[in-house]
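2 protein chains.
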Amino acid sequence: LIEIEDLSKLYQMGDETLKALDDVSLSVNKGDFVAIIGPSGSGKSTLMNMLGCLDVPSKGNYWLDGQKVNKMSDNQLAEIRNQKIGFIFQGFNLLPKLTAFENVELPLIYRKVPGKERKELALASLEKVGLADRVHHRPIELSGGQQQRVAVARALVGNPPILLADEPTGALDTKTGNEVLELMHHLNEQGHTIVLITHDLDIAKRAKRIIRIQDGKLFEDGGDFL
Amino acid sequence: LIEIEDLSKLYQMGDETLKALDDVSLSVNKGDFVAIIGPSGSGKSTLMNMLGCLDVPSKGNYWLDGQKVNKMSDNQLAEIRNQKIGFIFQGFNLLPKLTAFENVELPLIYRKVPGKERKELALASLEKVGLADRVHHRPIELSGGQQQRVAVARALVGNPPILLADEPTGALDTKTGNEVLELMHHLNEQGHTIVLITHDLDIAKRAKRIIRIQDGKLFEDGGDFL
Ligand SMILES: Nc1ncnc2c1ncn2[C@@H]1O[C@H](COP(=O)(O)OP(=O)(O)OP(=O)(O)O)[C@@H](O)[C@H]1O
Ligand SMILES: Nc1ncnc2c1ncn2[C@@H]1O[C@H](COP(=O)(O)OP(=O)(O)OP(=O)(O)O)[C@@H](O)[C@H]1O
Ligand SMILES: [Mg+2]
Ligand SMILES: [Mg+2]
Chain A
1 LIEIEDLSKL YQMGDETLKA LDDVSLSVNK GDFVAIIGPS GSGKSTLMNM
51 LGCLDVPSKG NYWLDGQKVN KMSDNQLAEI RNQKIGFIFQ GFNLLPKLTA
101 FENVELPLIY RKVPGKERKE LALASLEKVG LADRVHHRPI ELSGGQQQRV
151 AVARALVGNP PILLADEPTG ALDTKTGNEV LELMHHLNEQ GHTIVLITHD
201 LDIAKRAKRI IRIQDGKLFE DGGDFL
Chain B
227 LIEIEDLSKL YQMGDETLKA LDDVSLSVNK GDFVAIIGPS GSGKSTLMNM
277 LGCLDVPSKG NYWLDGQKVN KMSDNQLAEI RNQKIGFIFQ GFNLLPKLTA
327 FENVELPLIY RKVPGKERKE LALASLEKVG LADRVHHRPI ELSGGQQQRV
377 AVARALVGNP PILLADEPTG ALDTKTGNEV LELMHHLNEQ GHTIVLITHD
427 LDIAKRAKRI IRIQDGKLFE DGGDFL
């Protein structure tokens, strides 16, 4: 399903070159549940941006569902993102002027799902994350953890085949966090593919595979790290 | 040092009234290290906004260092915030157009600290959080955890008598998180007063007192919650 080969991402800062990802190769099969764990600044979010076709690599190859991504147009990439991938961003990325309901409804509008069905799916998704009573709140009228839960509801509303989640429980207490992880497990049991980024080993252990990342390099072994 | 009496904060949402804080009373002495722990949406950040004079209560009294806060003008409140309180916000609140260095320097500019001394203090503070090599990066050129560490460095740069920290290690891996907590311990040993908000019991246990919050109400006992 996902195949990356010798992929690097470099950032130019003045006369310095920073290597956020350094020749990484990774393959993820359909139905996999992969955790990526590593320290702050190790390249986790940068890798997610590559997997999610949100940013372009400096070098290397990427095949998604058998199609070569680096050769696609912006429109084709937008189509793939919209149809195949649900995102939970580390910074939530909610639209500030929209309510919780409108934020969750948004991916369904892009998919041209009719109004009545959109409303049912969006409300059901907000209910699953315990926010049925905050539907009309805008992001600034929600707590940090509630905003994160809206972001989770938005990612899950379209039942995406691939879910990319960047620290999806970072702003949640243990109990609420576990409820979110349960939703992800449930999605994986239904055959969806999940890539979960975290710096918390207890969370990473819930996945089927654990990949370590350090200074932009990937290690997939039982490793002493764990 | 901090004395709150029967303080409530209400939000009006259409025809509904939401009680974020419900008749809370709390006193914090100089040199205290208090943790406030509670589930998502329980009122932790709202309480911090009250303690930090960032928002006004709907009812109740608040004395800071013997002075009644509800009777102060905006200028007086800004002066108190600037001289007495360092903030670490849950959403970091970094200024996007400024570099890491400029963000950390900002509180010292408000205090009219001369340029040369500002530069030394800001660089030292960034070094303490492990970001000496990211000084000229703007927030979007930093990882989530690095942004949080800039927010910590900014709060500590002026050596504030009171530190209000809202989930200061939420975006950090265990090792980096512990380094931040060590900095706070060190500040507390020097006599500074710390109020630390968290939903993680392991972190709350590092404080001298633990206060639980649930649906806007405070409980300070050994309690079954812990
Ligand atoms: N501006 C607002 N308008 C309406 N309701 C609000 C507003 N700000 C906060 N709330 C509500 O007040 C309650 C308390 O929010 P607060 O941000 O204090 O929670 P918290 O304990 O910090 O949660 P978290 O751990 O998720 O950050 C929440 O239920 C939230 O929905
Ligand atoms: N736009 C950019 N310009 C320059 N450097 C960048 C940029 N974006 C990220 N970086 C750097 O790339 C490295 C990897 O960042 P990334 O956001 O992938 O880390 P991360 O593993 O997600 O960390 P965290 O756990 O703190 O979120 C960091 O050292 C960061 O400073
Ligand atoms: Mg990240
Ligand atoms: Mg909060």
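Chains as they are written, first to last, in the working numbering: chain A, 1 to 226; chain B, 227 to 452.
We put the beta carbon where it would ideally sit given N, CA and C, even for glycine.
query                                                                                                                               : result
Where the stretch 6-29 of chain A meets chain B: residues whose CB sits under 8 Å from a CB there                                   : Tyr11, Met13 and Gly14
DSSP bridge partner residues for Tyr336/B (one or two, in chain order)                                                              : For Tyr336/B, which the question treats as bridged, DSSP gives no partner whatsoever.
Unbroken alpha helix (DSSP H) run spanning Glu415/B, endpoints                                                                      : Thr400 to Glu415
Length of the line joining the Cα atoms of Ala165/A and Asn296/B                                                                    : 43 Å
Residues of the stretch 383-395 of chain B with Cβ closer than 9 Å to any Cβ of chain A, in chain order                             : Asp392 and Glu393
Chain B contact for Thr99/A (CB, 8 Å cutoff)                                                                                        : no
beta-carbon Gly52/A near ligand 3 non-hydrogen atom, thresh 7 Å                                                                     : no
Residues that Ser271/B contacts on chain A, provided the C-beta gap is smaller than 8 Å                                             : Ser143 and Gly144
6 Å CB neighbourhood of Phe451/B in its chain, flanking five on each side removed                                                   : The predicted position of Phe451/B is uncertain, since its pLDDT is 47 and thus under 50; a value taken from the coordinates is nonetheless stated next. The residues are Arg438.
Secondary structure of Gly292/B, DSSP reduced to three states                                                                       : coil
For Ala171/A and Ser125/A, the rounded distance between their alpha carbons                                                         : 19 Å
Inter-stretch contact (C-beta, 8 Å, three-pair minimum) for the stretch 33-53 of chain A and the stretch 200-219 of chain A         : yes
Partners in chain A for Asp281/B, counting only beta-carbon separations shorter than 7 Å                                            : Under the 7 Å cutoff, chain A gives no residues; its nearest Cβ is about 12 Å from Asp281/B.
Continuous beta strand (DSSP E) stretch holding Asp221/A: start and end                                                             : Element bounds for Asp221/A: n/a, residue is neither H nor E.
Alpha-carbon to alpha-carbon, Gly240/B and Ser369/B                                                                                 : 38 Å
With 16 other Cβ atoms within 10 Å as the buried cut-off, status of Thr243/B                                                        : exposed
Which listed residue (Gln238/B, Gly264/B and Lys245/B) has its alpha carbon closest to that of Thr176/A                             : Gly264/B
First through last residue of the alpha helix (DSSP H) which encompasses Ala151/A                                                   : Gly144 to Leu156
Gln440/B: contacting residues in chain A (beta-carbon distance under 9 Å)                                                           : Within 9 Å Cβ-Cβ: nothing; Gln440/B doesn't reach chain A, min ~11 Å.
CB contact check: His411/B to chain A, cutoff 8 Å                                                                                   : no
Gly356/B beta carbon near ligand 3 (any heavy atom closer than 7 Å)                                                                 : no
Contacts around Thr198/A, its chain only, beta-carbon distance under 7 Å, and the 5 residues preceding and following it disregarded : Ala35, Ile37, Glu167 and Ala204
Heavy atom of ligand 3 within 7 Å of Asp166/A beta-carbon                                                                           : yes
Cβ-based neighbour list, Glu328/B, same chain, cut-off 8 Å, excluding 5 preceding and 5 following                                   : Leu321
8 Å Cβ cutoff met for Met184/A and Leu201/A                                                                                         : no
Cutoff 8 Å; reference Ala132/A; Cβ partners in own chain excluding five residues on either side                                     : Leu123 and Leu126
Distance, Val104/A Cα to Leu54/A Cα                                                                                                 : 20 Å
Residues bridged to Ile194/A (per DSSP)                                                                                             : Phe33/A and Leu163/A
Neighbouring residues, chain A, relative to Leu407/B (Cβ below 7 Å)                                                                 : Per Cβ cutoff of 7 Å: no residues; Leu407/B is ~14 Å from chain A at best.
Alpha carbon of Leu121/A to alpha carbon of Leu347/B, nearest angstrom                                                              : 52 Å
Environment of Ile335/B [buried if 16+ CB atoms lie within 10 Å]                                                                    : exposed
Contact set for Ser284/B: own chain, Cβ-Cβ below 7 Å, skip 5 residues either direction                                              : Ser234, Lys235 and Leu236
Cross-chain neighbours of Lys175/A in chain B, by beta carbon under 7 Å                                                             : Pro265
Chain B contact residues for Gly52/A, given Cβ-Cβ distances below 7 Å                                                               : Ordered by position in chain B, no residue passes the 7 Å Cβ test against Gly52/A, which lies about 16 Å from the chain.
Residue-level contact to chain C via CB, Leu398/B, 8 Å cutoff                                                                       : Included in the structure are the protein chains A and B, with no chain C among them.
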